Amino acid sequence: MGFLEFFGLQPTQMQVFAFVGPSGTGKSFRAKLVAQRYGIRAIIDDGLLIYDDEIVSGHSAKLEKTYMGAVRIALFDGKEERDEAVRALRRLKPKKLLILGTSEKMAGKIITRLQLPPIQKFIHIEELATKEEMEQARRSRIVEGKHVIPVRSNEVKKDYTKIFMNAVRVSLARKNRLPHLFPTHADSGTEMTGRQFEKSVVRPEFSRVSRKDIPQPTLARMTDHYARQYDKHIVIKKLAITFDASSYRLVLTADIPFGRPLAEYTEELKAFIIEMIEKVTGTLIEDVAIIVDKILPAPS
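Quick note on numbering: the sequence shown equals residues 576 to 875 in our numbering.
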């Protein structure tokens, strides 16, 4: 710390952390654990700015009726929401901020739109959760429509009563499970043993929408068309379609061309397919799971 910073004459730049992983793998469930360990008081998750367990800015993407509407809120696409978040951050002046995102690229978009410093550390969900735990989280998301907002239930009930389901408590008792990820922080001012955090479980609006009937061959043709529109070199090998009372879910097996990070490619492809089908049909596509069978040689 410099002389001016020590005497409060020059503000210390905010430290930005990003907690990333695919949608539905348990990031919001574990967000407070990460924040507690790194001494972080401010969290951005799905369009909300949360500070000391209170929602201080934004409205949750989980109120949106479509997947792509939720993505736009999470990315602060709207000027009003962006400006509100920026003003709140300038007022609060947090020393550290944790951003939740489905990918490093998504976290990068958020810091750009909110005029934040570069991300100093990326923490990936795979470092905290086992494959079994992530799969359990995905099942809970897909089968039951359950999502988590990392704040106390009394905060969520104020504005989100219609999507609130119940509250759960998460303990920090497993403090030594990942010592390589969570080194001792002398300045955190916290003690992990026995500490608990309350989370709110909600069922988002886009999990409630009544499903419109679309013939499966039509949906398959649309999926193939939009996948090739996104990347003409992709080879679709198999498509499985499932549905419930509110939405469709697709499992796409494909060969993709070499040249881009796999996680980034599949997340963007998924978002594009969902956006186009929802826009054209007006029905809800809950998820598009993409299974990469082969990596093709880079197009010449």
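Where is the CB? At the ideal position from N, CA and C, for every residue including glycine.
Just so we're clear, the structure is a prediction, and the values are computed from it rather than from any experiment.
By how many angstroms is the C-alpha of residue j removed from the C-alpha of residue i?
i: isoleucine 848; j: valine 726; result: 32 Å
i: methionine 643; j: alanine 846; result: 7 Å
i: arginine 616; j: leucine 664; result: 12 Å
i: aspartate 628; j: serine 875; result: 52 Å
i: arginine 605; j: valine 867; result: 28 Å
i: alanine 595; j: glutamate 707; result: It should be pointed out that residue 595 corresponds to valine in this sequence rather than to alanine. In a straight line, the C-alpha of valine 595 is about 18 Å away from that of glutamate 707.
i: histidine 755; j: isoleucine 698; result: Its pLDDT being 44, under 50, histidine 755 is placed unreliably in this model, and the value from its coordinates should be taken loosely. Straight-line Cα distance between these residues: approximately 12 Å.
i: isoleucine 648; j: aspartate 862; result: 17 Å
i: isoleucine 809; j: aspartate 652; result: 29 Å
i: arginine 713; j: glycine 599; result: 5 Å
i: leucine 703; j: isoleucine 865; result: 23 Å
i: leucine 844; j: leucine 624; result: 28 Å
i: valine 855; j: serine 603; result: 31 Å
i: glutamine 611; j: lysine 670; result: 14 Å
i: asparagine 729; j: glutamine 791; result: 42 Å
i: tyrosine 613; j: glutamate 656; result: 27 Å
i: glutamate 773; j: threonine 793; result: 44 Å
i: tyrosine 805; j: isoleucine 860; result: 17 Å
i: alanine 682; j: alanine 815; result: 30 Å
i: glutamate 639; j: serine 775; result: 17 Å
Please return the same chain residues whose Cβ sits closer than 6 Å to the Cβ of residue i, not counting the five positions on each side in sequence.
i: leucine 650; result: Lys684
i: leucine 871; result: Asp830, Pro832
i: methionine 851; result: Tyr801
i: alanine 748; result: Any reading at alanine 748 must be qualified, since the residue scores a pLDDT of 46, below 50, and its modelled position is unreliable; the value itself is stated next. Result list for alanine 748: empty, nothing under 6 Å.
i: threonine 817; result: Arg824
i: lysine 869; result: Asp830
i: serine 632; result: Leu624, Glu659, Ala660, Ala663
i: valine 826; result: Ala815, Ala864
i: methionine 797; result: Ile852
Tell whether a beta-carbon distance below 8 Å holds between residue i and residue j.
i: aspartate 621; j: serine 635; result: yes
i: tyrosine 626; j: leucine 667; result: yes
i: threonine 828; j: lysine 807; result: no
i: glutamate 839; j: lysine 680; result: yes
i: isoleucine 618; j: leucine 691; result: no
i: threonine 687; j: glutamate 842; result: no
i: leucine 689; j: valine 723; result: no
i: isoleucine 853; j: threonine 705; result: In the sequence as displayed, the identity of residue 853 is glutamate instead of isoleucine. Not a contact, by the Cβ cut-off of 8 Å.
i: isoleucine 811; j: aspartate 799; result: yes
i: glycine 834; j: alanine 795; result: no
With a threshold of 16 other CB atoms inside 10 Å of the CB of residue i, please say whether the residue is buried or exposed.
i: threonine 736; result: exposed
i: glutamate 701; result: exposed
i: proline 597; result: buried
i: glycine 601; result: buried
i: valine 646; result: buried
i: leucine 837; result: exposed
i: glutamate 710; result: exposed
i: lysine 607; result: buried
i: alanine 820; result: exposed
In chain order, what residues of the same chain have a beta carbon less than 8 Å from the beta carbon of residue i, not counting five sequence neighbours either side?
i: glutamine 695; result: Gln590, Val591, Phe592
i: glutamine 588; result: Pro692
i: glycine 857; result: Lys787
When you compare the CB of residue i with every CB in chain C, is at least one pair closer than 8 Å?
i: isoleucine 618; result: Note that chain C does not occur in the displayed structure, where there is just one protein chain.
Could you pull out every residue in the same chain whose Cβ sits closer than 7 Å to the Cβ of residue i, ignoring the five residues on either side in sequence?
i: valine 884; result: Shown here, the chain extends from 576 to 875; a query on residue 884 therefore has no answer.
Those runs of the beta strand (DSSP E) which lie wholly inside the segment 624–675 and span at least 3 residues
629–632, all fully within the segment 624–675.
Restricting to runs no shorter than 3 residues, where is the beta strand (DSSP E) found entirely within the segment 777–832?
For the segment 777–832, whole beta strand (DSSP E) runs of length 3 or above, ordered along the chain, are 810–818, 823–832.
Taking only runs that begin and end inside the segment 827–873, name each unbroken beta strand (DSSP E) of 3 or more residues, in chain order.
860–871, all fully within the segment 827–873.
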